[in-house]
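Asker:
Number of protein chains: 2
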Amino acid sequence: MGFIKPSNVVGTMELLPNEQILFDNVKNIIEDTFKKRGFLPIDTPVFEKNEILLAKGGGETTKQIFKIDSESKDISLRFDLTVPLARYVAQYFSDLNFPFRRYHIGKVYRGERNQKGRYKEFYQCDIDVIGNGKLDIKNDAELPYIIYEIFSKIINEKFAINFSNLKIINGLFENLGVDNKTDMLRIIDKIEKIGFEKVVEELKNTGLNDNNLEKITEFIKISGSNEEIIEKLNSLGIKNALFDKGVEELKEVYNCMKLFGIPEDCIKINLTITRGLDYYTGTVYETFLENYRQLGSVCSGGRYDDLASNYTSQILPGVGISIGLTRLFYQLLDKNLFKEIKTNSIDALIIPMENCYDYAIKLLNKFENSGKIIQIYFEDAKMKKKISYADKLNIPYIIIVGEDEKANNTYTVKDLKTGEQSTVDFEGLIKLI
Amino acid sequence: MGFIKPSNVVGTMELLPNEQILFDNVKNIIEDTFKKRGFLPIDTPVFEKNEILLAKGGGETTKQIFKIDSESKDISLRFDLTVPLARYVAQYFSDLNFPFRRYHIGKVYRGERNQKGRYKEFYQCDIDVIGNGKLDIKNDAELPYIIYEIFSKIINEKFAINFSNLKIINGLFENLGVDNKTDMLRIIDKIEKIGFEKVVEELKNTGLNDNNLEKITEFIKISGSNEEIIEKLNSLGIKNALFDKGVEELKEVYNCMKLFGIPEDCIKINLTITRGLDYYTGTVYETFLENYRQLGSVCSGGRYDDLASNYTSQILPGVGISIGLTRLFYQLLDKNLFKEIKTNSIDALIIPMENCYDYAIKLLNKFENSGKIIQIYFEDAKMKKKISYADKLNIPYIIIVGEDEKANNTYTVKDLKTGEQSTVDFEGLIKLI
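As C-alpha cells, this is what we get:
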C-alpha cells in the first residue's frame, strides 16, 4: 500500500510548537487585555444557517462562503464574527445586559484563491459594545485605547490609530449634492495605494463639476496635527448638520482618546478613511505600523447604527474593532517585529538514570505547586540524545538523578546555556530554576 | 420586510456570557494542567483533505462527516483530533522532537442526529505522547495523573480512572483459540450497560465451547482490590506471551500511577474495558464519576502501536487521553457538580455623574496595572438602571464619581451585597475591591 502524502489544506495556518506557543501568547495578551476592560466572552458555532449568513445577500463575501454539503444544504462556515454576533444578540436579547460588551476570538472562513497572505481559515479577535437604542460616543474612544494597549505589548514598532467619522464626508457630499457618493468614496479609499494626485484625477473623470472637485480636493488635502485638522474642518465653511455632527463627534472621540491615555503620536485623524460604507456610519478606525504602511491596516473597525436589523425591530447601535490575527502574526513574524515573548514552554527536564525513575517521579511531584513546567525524559537513550532533546526544545536546565543523588537526596542540575553543573538539594534546585 | 428568526444550528453549544466564563475557566484549567507537564500546543485547521480524513475508510464516523461543498469537493470538517495529529506528526516529522508531547484543544464535527446530549460541534481536549520507534510504558501512567489532577480541580465528586491492558484479553483469546474475537469484545464491552449475567448469556449464544466460556466468564468476573486483581490474573493459569506481557505492563502502569501520586481509591483496574479495538493495543482508560456511572466515561484513551501508518513508514507508537469537554460541561452543569469556579468577570463598575466622565476615566487609568477588571458605565440612564446593570453582571462594587468626589479627589464606593457605602481615596479603594 502506498502512503498518503500528509499535507494541510493550502491557505490554512499551521505552526510548529515553538511558533504555536508564540502565537498562543500573543492571542492570550489580546484576550487578557479585552477581559481587563470588562468585555465578556462569547463562543458561537463555526457554522451558521445559510439564511443567517446570507441575510444581507449579494457581495463578494457570499461567493467566498464554504457551504456544508449536507442533505438539507442549509449551513455554511461563518466568514466573520459580526454576523454571528448580530444573530447572538438578537437571539438572547432578553438575557443580555446592555451596553453589551463582548469579545470573541475565533476562526472564520473564506474561500480565497490560493495566494500568499490570503487565508481560507484565520483567527479574528473582535470586541464590540452594543447599546440598546443608543450608545454613548465615549465608547468609540475606549476601544482604540484597548488596541493601543495590545500593540504596545506585542511590538516595539511605532504605530498610529488612524480614525475619522463618516458623518463628516457624508455630510460634505450631502452639502455638495453629489449623488454618486459610493463611487467617490471608493476612489478616495485608494489614496493610500495610488496617492493624492491620482485620486484627484480619478475624481475629475467621474464628471464632477469644478466647484465640487475643488471642495473635495480641499477636503482630502487637509493635513497637519490633529488639532490643526479639526481647525481646518471648522474653517471649510460647509453648512450641513450631518457634517457638523461628525466634526463634533470626531472632536469628542479625539479628546477622550487622550483622556484614556493614548499618546498623541499614536493618534492620527485621517479623513480619507472610508472603509466598509455599507456598514459603518460614524467613527471608523484603521491602524498602521508607521514604518510598514505596506502591511495595510492591522486593526480596523468602527461605529454602526444598527447591528441586528435583519432579526429584530430593536435598534442596536454599536462600535467594534477587529484584529485579523493570523495574517498579522505572519507579517510580524516575517518582519521580526514581535517583542521578546517567551516561547520555551518547559523549565527543566528531569533525566533519570537506570532504576531511578521512582526518585525522578518523586522530584516531579515536589514541583507540583511551584509554577514550574517540568518534564521527565523516560525514554531509554544515550545521554547525548537526551541533552539534544532538551536543547531543541530550548529547555534551559536538565536535572540528572542517579544512584548517588538518590542515596544522598540530592539532584545534579546542569545549565545548558553556560554548561555549569552543580549538585544541590530541592531548595537549591528551586532557587536555580 | 419580515425578520429572520435568529437561531443557532441545532446540536451546537452556545452559552450566555456567565456560563461561557465558567466554560472558559474549566477549559483553562485543563490547558494549564496540560502545559504544566510540558505538553506543547498544536492547532490544526478545522478542515482536512478528504484523502486524509477518510484514509482509514468505512465505519460509522465516515457517514457522519461534514463535507465542504466546494468545486473540488475534497475537504471536510475533522471528526476528531487524532487524524489531524497523525497527519501533523507525519508532515513535520523531521522538525519535531520525540517523544512528542502535544496537547490540542479544539472543536470537532459530527453529523449526529438531533438528540439530547449529541453535538454536531464539540470541544475535544487531547493529550498524546508519541515516540519515535518506541515509547516507555511509564508515559501510560503519567497521563492518568494529569487527568486525576484536572478532575480534582473541577469537581468535588468521587471519580475513578478505570484502566486495563488490551494485551491481556487479546492474549487470553489467543490462548483459547477464539477466532471471532471482535464479537466477544463487543459483548464484553456492554457489561456496564447490561450487567454480568446478560453478558455471559450473550457469550454463550455465540457458540463458545464450555471450557472457553468458563475461562472467559472466570476472567470477566475477576474483581477485588487492584492488588487482588493482579494476583488473580497471575493465578488464572493462562500460558501465553501476549497475556503475560499485558499483565506485566498493567502492573508497571499501576505502580507508576501510584508513584505519580494518584490516590489508590481513584485507580480501578477494570478488565472489561475493551474500547476502540481497531486502534488501541495496550493500556486503555475510561474515567467514571462513582455516583454518576450513567454519565458514561468522562475521559478515555489508551496506547496505540502506530499513529501515522497511513502516511509514513516510521513506526510511531503513542498513548493519549481525550476529554469530550462540551458534553462533560453540560453534564456537570446539569447535575451541579462543578467546584466553585469564579464566573463574575468584572470587579467594579465606575459610574460617573454628569460632567465627571474625565475624572472617571482618570480613575480607570489608575487601575491599569492593578490586576482588577474595571468598567465605566458611560450611558445616560437613571441610577437605578445602572445599579441593576451591575447586579445582573454580578459586579460586586460600584464606584460613584461626581462633582464632590472630583473636588475632593475621593471616590464613593458601594458594596452591592451588603449595601455598605463609603467615601475613600484611591488607596482606600484598592484595599476595598
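If you're matching them up, the sequences are chains C and A in order. First residue of the first sequence: 1, per my numbering; consecutive thereafter. First residue of the second sequence: 1001, per my numbering; consecutive thereafter. Where is the CB? At the ideal position from N, CA and C, for every residue including glycine.
How would you label I1407 of chain A, buried or exposed, when you count the other beta carbons within 10 angstroms and need 16 or more for buried?
Answerer: For clarity, residue 1407 of chain A is Ala in the given sequence; the question names Ile instead. It counts as exposed.
Asker: Determine the closest residue to K339 of chain C out of C:F151, C:L242, C:T44, with distance taken between C-alpha atoms.
Answerer: C:F151
Asker: Where does A1348 of chain A sit, in a helix, a strand or coil, going by DSSP?
Answerer: strand
Asker: Where do the N-terminal and C-terminal ends of the beta strand (DSSP E) with F992 of chain A fall, by residue?
Answerer: What is shown of chain A runs 1001 to 1433, which leaves residue 992 of chain A out entirely.
Asker: With a threshold of 8 Å on Cβ separation, who are the neighbours of A241 of chain C within its own chain once the five nearest residues in sequence on each side are excluded?
Answerer: G171
Asker: Classify N1165 of chain A as buried or exposed, calling it buried when 16 or more other Cβ atoms lie within 10 Å of its own Cβ.
Answerer: buried
Asker: Which residues does DSSP list as the beta-bridge partners of D1041 of chain A?
Answerer: One detail in the question is off: residue 1041 of chain A reads as Pro in this sequence, not Asp. Answer by DSSP bridge pairing, in chain order: A:Y1103.
Asker: From L1325 of chain A to F1034 of chain A, what does the alpha carbon distance come to, in whole angstroms?
Answerer: 14 Å
Asker: Would you identify the three-state DSSP class for D126 of chain C, choosing helix, strand or coil?
Answerer: strand
Asker: With respect to the beta strand (DSSP E) encompassing Y1280 of chain A, which residues constitute its N-terminal and C-terminal limits?
Answerer: 1280-1289
Asker: Measuring CB to CB, does I1262 of chain A end up less than 8 Å from Y1148 of chain A?
Answerer: yes
Asker: Taking its Cβ as the centre, do 16 or more other Cβ atoms sit within 10 Å of G1237 of chain A, making it buried, or is it exposed?
Answerer: exposed
Asker: So with Cβ pairs under 8 Å, would you call N97 of chain C a contact of chain A?
Answerer: yes
Asker: Using a Cβ-Cβ cutoff of 9 Å, what residues of the region 14-25 of chain C are near chain A? List them in chain order.
Answerer: E14, L15, L16, P17, N18, Q20, I21, F23, D24
Asker: Between the Cα of F1100 of chain A and the Cα atoms of C:F378, C:Y92, C:I169, C:A308, which residue gives the shortest distance?
Answerer: C:F378
Asker: When you compare the CB of L1166 of chain A with every CB in chain C, is at least one pair closer than 8 Å?
Answerer: Under the 8 Å criterion on CB atoms, L1166 of chain A is classed as non-interfacial with respect to chain C.
Asker: Determine, using beta carbons only, whether K1406 of chain A comes closer than 8 Å to chain C.
Answerer: no
Asker: I52 of chain C and I1004 of chain A - do their beta-carbons sit closer together than 8 Å?
Answerer: yes
Asker: According to DSSP, which residues form a beta bridge with K434 of chain C?
Answerer: Residue 434 of chain C lies beyond the residue range present for chain C, which begins at 1 and ends at 433; the question has no answer from this structure.
Asker: Please state the DSSP three-state secondary structure of D1095 of chain A.
Answerer: DSSP, read as helix, strand or coil, puts D1095 of chain A in helix.
Asker: Could you pull out every residue in the same chain whose Cβ sits closer than 6 Å to the Cβ of N139 of chain C, ignoring the five residues on either side in sequence?
Answerer: V129, V319
Asker: Whose CA, out of A:I1400, A:K1417, A:Y1103, lies closest to the CA of N1394 of chain A?
Answerer: A:K1417
Asker: Against chain C, with Cβ distances strictly below 8 Å, would F1009 of chain A count as a contact?
Answerer: Here the sequence assigns Val to residue 1009 of chain A, which means Phe is not the residue at that position. So, interface residue.
Asker: Which residue comes first and which comes last in the beta strand (DSSP E) that contains Y304 of chain C?
Answerer: 300-304
Asker: Using a Cβ-Cβ cut-off of 8 Å, state whether D136 of chain C counts as contacting chain A.
Answerer: Yes, contact with chain A.
Asker: Only counting the same chain, and skipping five residues up and downstream in sequence, which positions put a Cβ closer than 6 Å to that of I1030 of chain A?
Answerer: C1125, I1150
Asker: Could you spell out where the beta strand (DSSP E) holding Q421 of chain C opens and where it closes?
Answerer: 421-424
Asker: Looking at C-alpha atoms only, which residue of A:G1131, A:I1220, A:D1244, A:F1367 is the closest neighbour of L1271 of chain A?
Answerer: A:I1220
Asker: Starting from the N-terminal side, write out each stretch of the alpha helix (DSSP H) that is 4 residues or longer and does not extend beyond the region 1200-1265 of chain A.
Answerer: 1210-1221, 1226-1234, 1241-1260
Asker: Is the beta carbon of P1006 of chain A less than 8 Å from the beta carbon of I42 of chain C?
Answerer: no
Asker: Does F1243 of chain A pass the burial test, meaning 16 or more other C-beta atoms within 10 Å, or should it be called exposed?
Answerer: Its Cβ being crowded by 16 or more others within 10 Å, F1243 of chain A is buried.
Asker: Is it buried or exposed for F196 of chain C, if we count other Cβ within 10 angstroms and need 16 for buried?
Answerer: exposed
Asker: Would Y1413 of chain A be called buried (16 or more neighbouring beta carbons within 10 Å of its own) or exposed?
Answerer: The residue asked about is misnamed: residue 1413 of chain A is Val in this sequence, not Tyr. Burial call: buried.
Asker: Examine the Cβ distances between the region 1371-1386 of chain A and the region 1334-1349 of chain A and report whether three or more of them are shorter than 8 Å.
Answerer: With a cut-off of 8 Å on Cβ pairs, the region 1371-1386 of chain A is in contact with the region 1334-1349 of chain A, counting three or more such pairs.
Asker: Would Q91 of chain C pass as an interface residue toward chain A - the criterion being a Cβ-Cβ separation below 8 Å?
Answerer: yes
Asker: Apart from the five residues just before and just after E121 of chain C, which ones in its own chain have a Cβ nearer than 6 Å to its Cβ?
Answerer: These residues qualify, in order along the chain: T12, K107, Y109.
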